[in-house]
Amino acid sequence: LAALRSVGIEAGYITGFFFPEEKKNRCDDGHCWVVTRLNGEVLEWDIAHHLKMGTRDIDAGLNPKPGKRFGCFHSMGLDFPDLKIYGLKALIEPLQIYNGKVSGFESPQIELIAD
């Protein structure tokens, strides 16, 4: 992202979940992709899926792998001023805030319950 931004391209990092077609409504981990904006055109880049699918010619686009994608967070930090929590790194791992403390789940089960 820093390299893109250094040459004047607006860029962001999106994290969320990808539900592969073969697993139906379940996934085992998170997924991320990059979004850019140059001259008013917004493009999304799923470099990891392009590489996993054996596609070496990387172009803008999502889902070279069949399935469903859901973006949950963008950028790198969330603030909850009422709880005095600042700059929470919301990457992919599901987190919980309970009694003012942030913690992960021992073994999260990630499931899509509605299409």
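The opening position of the sequence shown corresponds to residue 1126 in our numbering, with each subsequent residue numbered one higher. Every residue gets a Cβ at the ideal spot worked out from N, C-alpha and C, and that includes glycine. Everything numeric in this text was worked out from a predicted model, so none of it was measured.
Between SER1232 and the set PRO1219, ALA1239, ILE1238, GLY1225, the nearest pair of CA atoms involves PRO1219.
In the pairwise beta carbon analysis, the region 1135-1144 is classified as touching the region 1198-1207: at least three pairs are separated by under 8 Å.
Leaving aside the five residues that flank GLN1221 on each side, the residues in its chain whose CB is nearer than 8 Å to its CB run, in chain order, VAL1227, SER1228, GLY1229, PHE1230. ALA1185: not part of any beta strand (DSSP E); DSSP gives it neither H nor E. Sequence-distant Cβ neighbours of ARG1162 in its own chain, meaning closer than 7 Å and more than five residues away, are GLU1135. Around GLY1186, the same chain offers no residue with a beta carbon nearer than 6 Å, after the five sequence neighbours per side are excluded.
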